[in-house]
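Here's the structure we're looking at; comments come further down.
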Amino acid sequence: MKKYEMKKQAATRKIAGVLAVILVLAGAAGCASAKLSDDFDKETVETAAKEVVDQLNTGDYAAIEEAFNATMTIAMQGQKLQDTLQPILDKLGEFEEISNCEVVGSKAQDTKEDLAVALINVKYAEGKVRYTISFDKDMKLAGLFIK
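This note's numbering puts the first residue of the sequence shown at 6, with every later residue one more than the last.
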């Protein structure tokens with residue numbers, strides 16, 4: 006039993022470490038809601054964010070990784086995204102619906118670059134989550150957080 010508990014603790018630490026990377030990236034996007042910059046189209050951002058949620062639900066991590074900006078590409082090298090999110094999605098069960106999507110503006114804390122942030126509430130068979138999905142002006146994925 007001890008061996009199982011040690012493996013479980015190691016896996017939990019690994020997931021926590023990768024989640025910390027995602028948290029840092031999401032924090033870099035800023036949390037304060039602001040007016041969406043004129044550089045973004047609200048509907049385009051909403052559509053792109055819902056597509057990311059769909060890709061997560063179907064396990065298409067390669068498509069998500071292709072959409073990463075340079076910062077996300079460096080931070081999420083290898084299979085970090087899948088290794089972090091798949092266990093969470095497995096526990097949530099089958100996707101049911103997107104119940105709400107709000108698009109706001111934000112600025113990256115490090116570069117002060119304008120970002121578009123989609124806040125998406127999603128219902129699964131075993132729970133609800135809120136995705137915070139950020140895009141830069143090139144509509145590259147600049148942040149992805151699940152709560």
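By construction, the Cβ of each residue, glycine as well, lies at the ideal position given by its N, Cα and C atoms.
Inset, instruction - Keeping to the same chain, check which residues put their C-beta closer than 8 Å to that of A34; ignore five residues upstream and five downstream. - result: Since pLDDT at A34 reaches only 43, below the 50 mark, its modelled position is unreliable, and the value read off the structure follows with that caveat. Correct list, in chain order: S111, A113, Q114, L120, V122, T137, S139, A147 and G148.
Legend entry - Cβ pair K142, S104 closer than 9 Å: no
Legend entry - Given E48 as reference, the closest of A75, T89, A39 and V108 once Cα atoms are compared: V108
Inset, instruction - With DSSP as the reference, label M116 as helix, strand or coil. - result: The residue you asked about is not Met; residue 116 is Thr in the sequence shown. Note: T116 maps to coil in three-state DSSP.
Legend entry - Backbone CA spacing between I79 and S42 [nearest angstrom]: 26 Å
Legend entry - C-alpha distance - L94 paired with N62, whole-angstrom precision: 8 Å
Legend entry - Neighbourhood of A53 by C-beta, 7 Å cutoff - its chain only, sequence neighbours within 5 removed: F140 and M144
Legend entry - Residue range of the unbroken alpha helix (DSSP H) whose run includes A67: Y66 to E71
Inset, instruction - Thinking E101 and A130 are a contact (beta carbons under 8 Å), I'd like their distance in whole angstroms, please. - result: 6 Å
Inset, instruction - With DSSP collapsed to three states, give me the class of N130. - result: Per the sequence presented here, residue 130 reads as Ala, with Asn not at that position. Coil, per DSSP.
Legend entry - Burial state of T116, where buried means 16 or more other Cβ atoms lie within 10 Å: exposed
Inset, instruction - Given a cut-off of 9 Å, decide if K55 and I151 are closer than it, judged by their beta-carbon atoms. - result: no
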